[in-house]
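Written out below as structure tokens is the structure these notes cover.
2 protein chains.
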Amino acid sequence: MGEDSGHQQRRLASFQQQINTLLEAHINGQIAQGAGEVAVESKRVLMAGGKRLRPVLMMIAYEVCGGTNQEDIIPLALAFELIHTATLVHDDIYDDAVQRRGVKTIHASKGLAKGVIAGDWLFVQGFGLGGKYEAEIVDLVSEYCSQIAQSEFLQLDRVMDLKTSPEDYLSIVIGKTAGPFAAGCKAAAILANCSIEQQLHMQDFGRELGIAFQLVDDLLDIRGDERMGKPRGADIYEGKMTLPLIHSLTLSHGQRRERLAYLIKNFADNYFDELIELLNASDSLNYTEILINNHIERARESLLTMPQNDATQLMLWLTEFMQHREV
Amino acid sequence: MGEDSGHQQRRLASFQQQINTLLEAHINGQIAQGAGEVAVESKRVLMAGGKRLRPVLMMIAYEVCGGTNQEDIIPLALAFELIHTATLVHDDIYDDAVQRRGVKTIHASKGLAKGVIAGDWLFVQGFGLGGKYEAEIVDLVSEYCSQIAQSEFLQLDRVMDLKTSPEDYLSIVIGKTAGPFAAGCKAAAILANCSIEQQLHMQDFGRELGIAFQLVDDLLDIRGDERMGKPRGADIYEGKMTLPLIHSLTLSHGQRRERLAYLIKNFADNYFDELIELLNASDSLNYTEILINNHIERARESLLTMPQNDATQLMLWLTEFMQHREV
Chain A
1 MGEDSGHQQR
11 RLASFQQQIN
21 TLLEAHINGQ
31 IAQGAGEVAV
41 ESKRVLMAGG
51 KRLRPVLMMI
61 AYEVCGGTNQ
71 EDIIPLALAF
81 ELIHTATLVH
91 DDIYDDAVQR
101 RGVKTIHASK
111 GLAKGVIAGD
121 WLFVQGFGLG
131 GKYEAEIVDL
141 VSEYCSQIAQ
151 SEFLQLDRVM
161 DLKTSPEDYL
171 SIVIGKTAGP
181 FAAGCKAAAI
191 LANCSIEQQL
201 HMQDFGRELG
211 IAFQLVDDLL
221 DIRGDERMGK
231 PRGADIYEGK
241 MTLPLIHSLT
251 LSHGQRRERL
261 AYLIKNFADN
271 YFDELIELLN
281 ASDSLNYTEI
291 LINNHIERAR
301 ESLLTMPQND
311 ATQLMLWLTE
321 FMQHREV
Chain B
1 MGEDSGHQQR
11 RLASFQQQIN
21 TLLEAHINGQ
31 IAQGAGEVAV
41 ESKRVLMAGG
51 KRLRPVLMMI
61 AYEVCGGTNQ
71 EDIIPLALAF
81 ELIHTATLVH
91 DDIYDDAVQR
101 RGVKTIHASK
111 GLAKGVIAGD
121 WLFVQGFGLG
131 GKYEAEIVDL
141 VSEYCSQIAQ
151 SEFLQLDRVM
161 DLKTSPEDYL
171 SIVIGKTAGP
181 FAAGCKAAAI
191 LANCSIEQQL
201 HMQDFGRELG
211 IAFQLVDDLL
221 DIRGDERMGK
231 PRGADIYEGK
241 MTLPLIHSLT
251 LSHGQRRERL
261 AYLIKNFADN
271 YFDELIELLN
281 ASDSLNYTEI
291 LINNHIERAR
301 ESLLTMPQND
311 ATQLMLWLTE
321 FMQHREV
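Structure below.
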């Protein structure tokens with residue numbers, strides 16, 4: 001990670017802290033204006049943790065692009081995090097997740113109706129902040145949010161579908177995870193008055209990093225631990241076809257594939273070792289790691305076409321950090 | 001209704017038709033861009049009917065205010081209807097309604113997850129259109145949408161709460177129904193470059209009309225028929241405390257109140273006649289009608305401070321039409 005890792009880690013933490021402070025101030029402002037329980041519940045989940053990856057990336061990207069007035073990017077960065085949290089609140093409803101970021105989900109603690117509405121409220125907060133920007137940015141936001149919904153529909157159709165192809169997977173990931181990353185980085189470039197070419201480089205950077213991020217998530221679901229804030233194997237229990245599973249199902253034949261299909265369809269914690277064995281037999285975890293490296297490499301290449309400043313150094317470090325994250 | 005009723009009815013229908021055409025074109029545009037099933041399902045519910053009251057009011061209000069370029073108000077009017085439909089899609093989930101506007105609800109036909117996400121998608125479409133406007137309008141939109149969520153929380157806390165007061169009721173109605181009407185009419189005034197004073201008159205107009213609209217809805221839930229697109233008594237079955245119930249519970253005593261409480265808590269279709277008898281004994285349906293008249297009167301007074309043009313005549317007619325609507 002280089003000898004300046006501690007330094008970069010502190011800078012990252014300082015961005016995260018800044019976002020946390022601003023998010024809390026925004027919600028507190030709403031509560032002060034009488035927003036009541038919907039804001040209190042939303043705040044409980046919003047402030048329970050989270051890596052703040054989207055807003056932090058946007059703030060760093062803005063500096064990479066030579067932007068000097070943080071105020072230009074901050075409301076949009078907050079909007080992205082609020083919208084992200086809104087999607088989590090709604091995801092948790094239909095995944096029937098009881099915990100998120102270590103606290104009880106809203107629908108689990110206050111019922112379905114309040115869960116749905118609190119998610120809506122968080123969306124509104126995000127759109128309220130994002131809507132203040134010029135039409136180009138508003139389009140970018142509404143476009144990536146529409147894509148999230150479209151991709152979630154595709155993903156739902158693929159739940160427990162053992163014939164899900166790597167192409168299906170990529171199209172879902174691009175819409176649901178990489179899309180917001182790409183839109184955030186492109187928006188940062190627009191707000192920093194970058195050239196169209198640089199805007200596209202930043203968009204590419206965000207998309208590649210976003211794909212890598214999701215692939216790391218897929219691996220962590222199989223190898224990870226409780227520090228992630230959700231139990232290991234959660235994707236498998238929910239029938240989400242992650243890339244290691246898709247790859248292994250594609251390569252496996254005969255009895256081995258049958259067994260793999262059985263394990264996925266009837267998953268239980270005591271099948272973990274056997275599942276990992278089968279995934280390793282098709283080299284699927286290793287394959288996923290190689291893909292991660294490739295996408296991180298492409299992200300870095302896009303970044304190398306940008307001005308090389310302090311923020312670029314931090315961003316390069318962050319790509320490595322995300323590649324090797326364990327939570 | 002005056003002898004020009006047929007003329008005004010045709011003008012109203014023509015506004016509705018215009019909105020329908022534009023809504024359909026918007027969604028078709030999304031489908032053409034590959035939005036897929038989420039757009040198809042959303043369109044199915046969006047285009048199944050609906051009075052288009054919010055957008056039509058806004059378009060007429062814009063003309064009342066002297067606005068001459070319809071293009072200025074149309075995207076915002078569509079945004080209001082898309083957001084309204086989004087709230088209906090989500091409401092239907094936690095009310096577990098199977099039908100809306102005569103067609104199957106999304107969650108009933110495609111499952112909870114797709115219902116939640118389709119509602120989100122409709123929100124995004126609305127915000128995408130609304131976000132193109134100046135900050136003042138964006139604030140107005142995000143403010144009324146936040147208020148809807150806040151009021152829905154209040155309403156949920158009052159489900160089957162026989163102690164709900166008329167003040168509780170009013171605060172819920174102002175946030176959930178009258179708020180969007182008020183915001184829409186105020187936005188129309190802003191976009192038509194009205195004075196601050198006129199903006200406030202139009203806001204008052206929208207709020208009063210919105211309260212009257214909800215009270216008429218309350219009456220129709222008790223007296224109405226299937227033409228409303230939802231079964232008569234739906235509010236009572238859902239435990240929603242409508243004004244006639246609140247008023248009657250407040251005035252009734254002893255055995256009569258006990259019986260009323262029993263009917264509300266254990267409602268069934270064969271209790272309808274007895275319920276109406278009890279509501280009439282406390283004069284609660286009549287009281288609701290008087291309130292409707294008062295709010296309509298106040299709405300008309302606000303309108304009389306505005307320029308008196310063709311659109312104002314249509315709007316005055318519309319207030320009467322809404323007062324006496326049967327569906």
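For the protein sequence lines, the chains are A and B, in the order given.
Mapping of the first sequence onto the numbering used here: position 82 corresponds to residue 82, and the numbering continues sequentially without gaps.
Mapping of the second sequence onto the numbering used here: position 110 corresponds to residue 110, and the numbering continues sequentially without gaps.
Just so it is clear, CB atoms sit at the ideal spot from N, CA and C, and this is done for glycine as well.
Since the model is a prediction, treat every value here as computed from it, not as a measurement.
With 16 other Cβ atoms within 10 Å as the buried cut-off, status of residue i
i, result
"T87/B", "buried"
"K163/B", "exposed"
"S142/A", "buried"
"G179/A", "buried"
"M1/B", "Any reading at M1/B must be qualified, since the residue scores a pLDDT of 49, below 50, and its modelled position is unreliable; the value itself is stated next. With fewer than 16 Cβ atoms within 10 Å of its Cβ, M1/B is classed as exposed."
"G29/B", "exposed"
"A212/B", "buried"
"I290/B", "exposed"
"R52/B", "buried"
"Q70/A", "exposed"
"Q323/A", "buried"
"Q155/A", "buried"
"I196/A", "exposed"
"L140/A", "buried"
"V216/A", "buried"
"E208/A", "buried"
"K265/B", "exposed"
"Y382/B", "In the structure displayed, chain B extends from 1 to 327; residue 382/B sits before or after that span and is not available."
"G49/A", "exposed"
"M315/A", "buried"
"V116/B", "buried"
"T68/A", "exposed"
"M241/B", "buried"
"H26/A", "buried"
Extent of the continuous alpha helix (DSSP H) run through residue i
i, result
"K114/A", "L112 to G130"
"Q255/A", "G254 to K265"
"I246/A", "L243 to L251"
"Q17/B", "S5 to A32"
"Y169/B", "P166 to V173"
"E329/B", "Outside the modelled stretch of chain B, which goes from 1 to 327, sits residue 329/B, for which no answer is possible."
"P180/B", "G179 to L191"
"E134/A", "Here E134/A belongs to no alpha helix (DSSP H), and DSSP marks it neither H nor E."
"L162/A", "Segment: none, L162/A is in no alpha helix (DSSP H) and carries neither H nor E."
"M306/A", "No alpha helix (DSSP H) holds M306/A; DSSP gives it neither H nor E."
"N280/A", "F272 to A281"
"A234/B", "A234 to Y237"
"A216/A", "One point to set straight first is that residue 216/A is Val, not Ala, in the sequence displayed. Looking at the DSSP string, the run of the alpha helix (DSSP H) that includes V216/A is I196 to R223."
Anticipated Cβ contact below 8 Å, residue i with residue j, distance rounded
i, j, result
"I296/A", "T312/A", "15 Å between Cβ atoms; not a contact."
"G126/A", "P307/A", "Actually they are not in contact, since the Cβ atoms of G126/A and P307/A sit about 29 Å apart, beyond 8 Å."
"A188/B", "A61/B", "4 Å"
"E24/B", "M47/B", "6 Å"
"E136/A", "I190/A", "6 Å"
"L57/B", "F181/B", "7 Å"
"L243/B", "T288/B", "5 Å"
Chain E residues whose Cβ lies nearer than 7 Å to that of residue i
i, result
"K132/B", "Here chain E cannot be found, since the structure's protein chains are A and B."
TODO: Could you run through the stretch 94 to 108 of chain B and flag, in chain order, every residue whose CB is less than 7 Å away from some CB of chain A?
DONE: Y94
Task: Contact list for the stretch 34 to 47 of chain B against chain A, Cβ threshold 7 Å - done: A35, G36, E37 and V38
TODO: Residues of the stretch 160 to 174 of chain B with a CB closer than 7 Å to any CB of chain A: list them in chain order, please.
DONE: none
Task: Runs of alpha helix (DSSP H) wholly within the stretch 25 to 95 of chain A (minimum 4 residues, chain order) - done: Counting whole runs of 4 or more residues, the stretch 25 to 95 of chain A contains the alpha helix (DSSP H) stretches 37 to 46, 53 to 64 and 74 to 94.
TODO: Output, in sequence order along the chain, the residues in the stretch 142 to 159 of chain B whose CB is closer than 7 Å to any CB in chain A.
DONE: S142, C145, S146, A149, Q150, E152, F153 and L156
Open item on the list: By the 8 Å beta-carbon criterion, what residues does the stretch 112 to 127 of chain A contribute toward chain B?
Closed with: L112, A113, K114, V116, I117, A118, G119, D120, W121, F123, V124, Q125 and F127
Task: Within 8 Å of chain B by C-beta, residues of the stretch 185 to 216 of chain A in sequence order - done: none
Task: Short-range partners of chain A found in the stretch 66 to 87 of chain B, where Cβ spacing is below 7 Å - done: Within the stretch 66 to 87 of chain B, no residue has its Cβ closer than 7 Å to any Cβ of chain A.
- [ ] Could you list the residues in the stretch 2 to 33 of chain A with a C-beta less than 8 Å from some C-beta on chain B, going in chain order?
- [x] Q30
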